[in-house]
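There are 2 protein chains.
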Amino acid sequence: MKQNLHVVKVGGHLVNDPEALDQVLTAFASLDGAKILVHGGGRHATELAKSLGLTPKMIEGRRITDPAMLDVAVMSYAGLSNKKITAALQRLGVNALGLSGADGNCIQSLKRPVSDIDYGLVGDISHINTSVFSSLIREGLVPVLCAITHDKKGQLLNTNADTIAAKVAIAMNVIFDVRLFYCFEHAGVLHDISNPTDVISSLTEIQMNDLIDNQVIHQGMVPKLHNGFDALKNGVADVIISNVDAMITINAPKTVLK
Amino acid sequence: MKQNLHVVKVGGHLVNDPEALDQVLTAFASLDGAKILVHGGGRHATELAKSLGLTPKMIEGRRITDPAMLDVAVMSYAGLSNKKITAALQRLGVNALGLSGADGNCIQSLKRPVSDIDYGLVGDISHINTSVFSSLIREGLVPVLCAITHDKKGQLLNTNADTIAAKVAIAMNVIFDVRLFYCFEHAGVLHDISNPTDVISSLTEIQMNDLIDNQVIHQGMVPKLHNGFDALKNGVADVIISNVDAMITINAPKTVLK
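Which chain is which? The protein sequence lines are A and B, in order.
The opening position of the first sequence corresponds to residue 12 in this note's numbering, with each subsequent residue numbered one higher.
The opening position of the second sequence corresponds to residue 12 in this note's numbering, with each subsequent residue numbered one higher.
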């Protein structure tokens with residue numbers, strides 16, 4: 012029987028709210044067994060960019076990562092957020108070790124090819140190094156991943172944290188029984204964003220597509236769900252979207268992907 | 012017989028000069044056997060602070076680390092410098108893994124007590140976790156340390172990189188035969204800063220004190236030498252101060268502490 016592994020993704024909104032982050036990390040610390048935390052970036056990078064006089068470049072609503080913006084992302088995600096989270100987990104007795112994809116070559120990516128849009132220094136994941144994650148976990152360490160990867164040719168690349176969580180979950184599922192948990196500010200996928208208790212308790216990909224067509228599920232949630240279903244289709248048995256309550260309380264409301 | 016371990020400290024001046032850094036990392040990549048890199052911060056943090064409208068606080072020529080300045084140091088040292096160096100070493104075939112002291116609880120420190128001066132969020136090293144460094148090295152990984160530590164109570168702390176290198180060298184010398192190499196922009200300790208070839212080839216602590224009294228050795232070099240002699244007195248057999256040439260060429264000019 013394979014050992015259990017929790018892969019928990021913490022959204023950027025929570026990372027930037029000290030009180031909410033403390034709750035999430037305390038819940039994460041209470042999870043038994045092997046675990047990996049993946050964290051988003053959130054507002055801090057945008058605010059840092061503004062303070063430095065940089066103007067975020069957007070094309071068709073998508074952020075473009077130019078070299079100056081990549082430096083900001085690396086400083087914010089791999090620097091401040093990653094080390095604050097790691098130090099906080101150490102305080103809570105979790106032997107956390109913060110990583111970008113370059114560290115131990117744990118997540119390799121390819122710069123996204125230029126098509127209609129040139130996203131700039133954005134990486135699409137090409138390889139998850141299960142061996143280095145397994146080694147660290149075997150040594151009792153808890154990997155804490157930020158949303159920065161590298162191409163093994165010396166270039167750091169900005170990579171979506173939801174996608175990192177899904178790809179890590181899929182790759183590690185060969186060795187462990189993985190539970191992928193997307194932790195964000197809501198109790199799950201909502202029927203109506205103005206009613207935070209109206210949680211869709213389970214969701215298939217067909218149902219998701221209907222809800223997208225009917226505009227029940229909106230923009231921000233769509234890529235997260237695609238990542239979740241990608242994990243599910245690739246063997247990850249448990250994929251859950253919810254808030255901190257569902258991380259520790261078995262009967263808390265949540266959305267389970269089926 | 013104990014295995015050899017190189018502990019190489021790279022000065023901040025070199026970290027901030029892309030061409031010089033590339034030379035240093037190429038030399039470091041060519042070193043056989045177990046190795047640890049420690050890097051300073053340099054100008055980037057100061058420039059970042061200025062860009063963010065922060066005024067570096069100095070008391071009696073010593074920098075004071077307030078919370079805003081600590082965030083800048085974490086972003087610059089643990090974020091941008093550490094990840095750029097790690098990605099560059101990965102390109103060179105070195106399986107580098109970047110670390111702050113919080114990661115894997117590898118370097119714990121205590122906030123410096125307030126005496127005449129309150130240095131702010133500055134940490135004096137209290138414990139080097141030789142077990143985590145040994146585990147990483149055993150897995151074929153090369154630790155890359157920045158000048159940030161933590162107190163295990165959730166607080167990150169700014170810590171001198173020369174001191175980190177010396178304390179890591181001393182602690183690891185129990186397990187390995189350590190060679191501590193301070194790599195900076197000069198060929199060694201100089202008799203005369205205006206004559207870069209006039210290198211003091213070997214130096215005892217008594218000679219150092221004479222040279223300090225005679226003002227041959229100046230401000231910036233003094234703490235580095237104290238750290239070097241601390242390592243020497245605590246069992247590290249080889250302590251060298253030089254530039255990149257001496258890292259790879261056996262007969263290159265250098266200062267050897269005796």
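Using N, Cα and C, we set each Cβ at its ideal position, and we do this for glycine too.
If we count the other Cβ atoms within 10 Å of its Cβ and call it buried at 16 or more, is glycine 239 (chain B) buried or exposed?
-> The residue you call residue 239 (chain B) lines up with position 228 of the second sequence. Buried: at least 16 other Cβ atoms inside 10 Å.
Do isoleucine 4 (chain B) and isoleucine 118 (chain B) have their C-beta atoms closer together than 9 Å?
-> Lying outside 12 to 269, the shown extent of chain B, residue 4 (chain B) is not represented and no answer is given.
Which residues of chain A have a Cβ atom closer than 7 Å to the Cβ of glutamate 150 (chain B), listed in chain order?
-> Numbered from its first residue, the second sequence carries residue 150 (chain B) at position 139. In chain order: Ser146.
From the DSSP output, in three-state form, read off valine 267 (chain B) for me.
-> Within the second sequence, numbered from 1, the residue matching residue 267 (chain B) stands at position 256. Looking at valine 267 (chain B) - three-state DSSP - the assignment turns out to be strand.
Completely contained beta strand (DSSP E) runs for the segment 136-196 of chain A, where each covers 3 or more residues | 153-156, 159-161, 167-169, 188-194
Residues that glycine 109 (chain B) bridges to, as DSSP identifies them = Position 98 of the second sequence, counted from the start, is the residue given in the question as residue 109 (chain B). Paired residue(s): B:Val155.
Is it the case that the Cβ atoms of leucine 65 (chain A) and glycine 131 (chain A) are separated by a distance below 9 Å?
-> The residue you call residue 65 (chain A) lines up with position 54 of the first sequence. The residue you call residue 131 (chain A) lines up with position 120 of the first sequence. Their beta carbons are not under 9 Å apart, which means leucine 65 (chain A) does not touch glycine 131 (chain A) by this criterion.
Excluding the five sequence neighbours on either side, which residues of its own chain have a C-beta within less than 7 Å of the C-beta of serine 145 (chain A), listed in chain order?
-> The count along the first sequence starts at 1 and reaches residue 145 (chain A) at position 134. Only Ile186 meet the Cβ criterion.
When the cut-off is 9 Å and only beta carbons count, does arginine 102 (chain A) lie next to chain B?
-> Residue numbering aside, residue 102 (chain A) sits at position 91 when the first sequence is read from its first letter. Chain B, which has a Cβ nearer than 9 Å to the Cβ of arginine 102 (chain A), makes this yes.
Distance, methionine 86 (chain B) Cα to glutamine 34 (chain A) Cα | On the first sequence, position 23 is the one that residue 34 (chain A) refers to. On the second sequence, position 75 is the one that residue 86 (chain B) refers to. Near 24 Å, if we compare the C-alpha coordinates of methionine 86 (chain B) and glutamine 34 (chain A).
Cβ-based contacts, 7 Å cut-off: residues of the segment 120-146 of chain A near chain B = Ser146
Looking at leucine 121 (chain B) and glycine 6 (chain B), is the spacing between their C-beta atoms short of 9 Å?
-> The structure shown has nothing for residue 6 (chain B), since chain B only spans 12 to 269.
If leucine 36 (chain B) and leucine 91 (chain B) are in contact, beta carbons under 8 Å, what's the gap, nearest whole angstrom?
-> Taking the second sequence and counting its residues from 1, one reaches residue 36 (chain B) at position 25. Taking the second sequence and counting its residues from 1, one reaches residue 91 (chain B) at position 80. So it is not a contact: roughly 15 Å between Cβ atoms.
Report yes if the C-beta of threonine 97 (chain A) is less than 8 Å from at least one heavy atom of the ligand GTP; otherwise report no.
-> The ligand content of the structure shown is nil, which means the ligand GTP is not present either.
Output the boundary residues of the alpha helix (DSSP H) element that contains isoleucine 96 (chain A).
-> On the first sequence, position 85 is the one that residue 96 (chain A) refers to. Unbroken alpha helix (DSSP H) run through isoleucine 96 (chain A): 93-102.
Measure the alpha-carbon distance for serine 213 (chain A) versus histidine 202 (chain A) and round it to whole angstroms.
-> Counted from its first residue, the first sequence places residue 213 (chain A) at position 202. Counted from its first residue, the first sequence places residue 202 (chain A) at position 191. Approximately 12 Å between the Cα atoms of the pair.
Of all the CB atoms in chain A, is at least one closer than 9 Å to the CB of threonine 97 (chain B)?
-> Looking up residue 97 (chain B) in the second sequence gives position 86. Yes, threonine 97 (chain B) counts as interfacial toward chain A.
Would you say methionine 86 (chain B) reaches chain A, if we count a Cβ-Cβ gap shorter than 9 Å as a contact?
-> Numbered from 1 along the second sequence, position 75 holds the residue referred to as residue 86 (chain B). With 9 Å as the cut-off, methionine 86 (chain B) counts as an interface residue toward chain A.
Helix, strand or coil for histidine 237 (chain B) per DSSP?
-> As a working mapping, residue 237 (chain B) is identified with position 226 in the second sequence. Helix, per DSSP.
Alpha carbon of leucine 42 (chain B) to alpha carbon of valine 153 (chain A), nearest angstrom = On the second sequence, position 31 is the one that residue 42 (chain B) refers to. On the first sequence, position 142 is the one that residue 153 (chain A) refers to. Whole-angstrom Cα-Cα distance: 30 Å.
When the distance is taken between beta carbons, is alanine 198 (chain A) closer than 9 Å to valine 189 (chain A)?
-> Position 178 of the first sequence holds residue 189 (chain A). Position 187 of the first sequence holds residue 198 (chain A). Not a contact, by the Cβ cut-off of 9 Å.
Is any beta-carbon of chain B found at less than 9 Å from that of aspartate 77 (chain A)?
-> Numbered from 1 along the first sequence, position 66 holds the residue referred to as residue 77 (chain A). No, aspartate 77 (chain A) lies away from the interface with chain B (no Cβ there is under 9 Å from its Cβ).
The beta strand (DSSP E) enclosing arginine 74 (chain A), as first and last residue numbers | Here residue 74 (chain A) refers to the residue found at position 63 when the first sequence is read from its first residue. That run of the beta strand (DSSP E) goes 73-75.
The segment 157-182 of chain B: positions lying closer than 8 Å to chain A by Cβ = Ile159, His161, Lys163, Lys164, Gly165, Gln166, Leu167
Roughly how many whole angstroms lie between the Cα atoms of histidine 229 (chain A) and leucine 168 (chain A)?
-> As a position in the first sequence, residue 229 (chain A) is number 218, starting the count at 1. As a position in the first sequence, residue 168 (chain A) is number 157, starting the count at 1. Their backbone Cα atoms lie some 27 Å apart in a straight line.
To which residues of the same chain is alanine 56 (chain A) closer than 6 Å at the C-beta, ignoring the five residues directly before and after it?
-> Here the question's residue 56 (chain A) lines up with position 45 in the first sequence. Here the set comprises Val83, Ala84, Ser87.
Using the DSSP secondary-structure output, state which residues sit across from asparagine 15 (chain A) in a beta bridge.
-> Here the question's residue 15 (chain A) lines up with position 4 in the first sequence. A:Asp188, per the DSSP bridge assignment.
Beta-carbon gap between isoleucine 181 (chain B) and aspartate 241 (chain B) smaller than 9 Å = As a working note, residue 181 (chain B) is residue 170 in the second sequence. As a working note, residue 241 (chain B) is residue 230 in the second sequence. Taking 9 Å as the Cβ cut-off, isoleucine 181 (chain B) and aspartate 241 (chain B) qualify as a contacting pair.
Would you call serine 205 (chain A) buried or exposed, if buried means 16 or more other Cβ atoms sit within 10 Å of its Cβ?
-> By 1-based counting over the first sequence, the position of residue 205 (chain A) is 194. So serine 205 (chain A) ends up on the exposed side.
Reduced DSSP secondary structure (H/G/I, E/B, other) of glutamine 218 (chain A) | Position 207 of the first sequence, counting from 1, holds the residue named residue 218 (chain A). Looking at glutamine 218 (chain A) - three-state DSSP - the assignment turns out to be helix.
With 16 as the cutoff for other CB atoms within 10 Å, does arginine 102 (chain A) come out buried or exposed?
-> Here residue 102 (chain A) corresponds to residue number 91 of the first sequence, with the count starting at 1. Result: buried.
Assigned exposure category for glycine 104 (chain B) - 16 Cβ within 10 Å defines buried = The count along the second sequence starts at 1 and reaches residue 104 (chain B) at position 93. By the neighbour-count rule (16 or more Cβ atoms within 10 Å), glycine 104 (chain B) is not buried but exposed.
Can you give the Cα-Cα distance for glutamate 216 (chain A) and valine 250 (chain A), rounded to whole angstroms?
-> Your numbering for residue 216 (chain A) matches position 205 in the first sequence. Your numbering for residue 250 (chain A) matches position 239 in the first sequence. Between glutamate 216 (chain A) and valine 250 (chain A), the C-alpha separation is close to 12 Å.
Comparing alpha-carbon positions, which option in B:Val227, B:His17, B:Arg74 lies nearest isoleucine 259 (chain B)?
-> By 1-based counting over the second sequence, the position of residue 259 (chain B) is 248. Of the listed residues, the one whose Cα sits closest to isoleucine 259 (chain B) is B:His17.
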